[in-house]
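Once you know that position 46 of the sequence shown is 85 in this note's numbering, the rest is easy, because the numbers rise by one and skip nothing. Every residue gets a Cβ at the ideal spot worked out from N, C-alpha and C, and that includes glycine. To start, the structure under review is shown below, and the notes come after it.
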Amino acid sequence: MKIYRSPMEKILDKQQRDELISNPKEPVGTFFRKVRFTISKWSDQILKLFRR
């Protein structure tokens with residue numbers, strides 16, 4: 040369970056998780072964009088852990 044400091048932070052987190060990155064005309068490019076987005080999200084969370 041994640042603890043949020045404000046209701047707005049909770050809303051923004053939900054929007055980021057539900058965000059779809061897709062383009063039916065370029066399926067390969069879309070796949071790599073999704074991978075890059077997921078990796079950047081994970082790396083940001085790891086960096087937050089070390090900053091504390």
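Helix or strand or just coil, what does DSSP make of Arg44?
Here Arg44 sits in coil by DSSP.
Closer than 6 angstroms by C-beta to Asn62: which residues in its own chain qualify, once you throw out the five before and the five after it? Chain order, please.
Counting only Cβ-Cβ distances below 6 angstroms, and skipping sequence neighbours, we find Thr69.
C-alpha gap between Arg90 and Asp83, whole angstroms:
Whole-angstrom Cα-Cα distance: 11 angstroms.
What would DSSP say about Ser82, mapped onto helix, strand or coil?
Here Ser82 sits in helix by DSSP.
Go ahead and pull the three-state DSSP assignment for Pro63.
Secondary structure of Pro63 (DSSP, three-state): coil.
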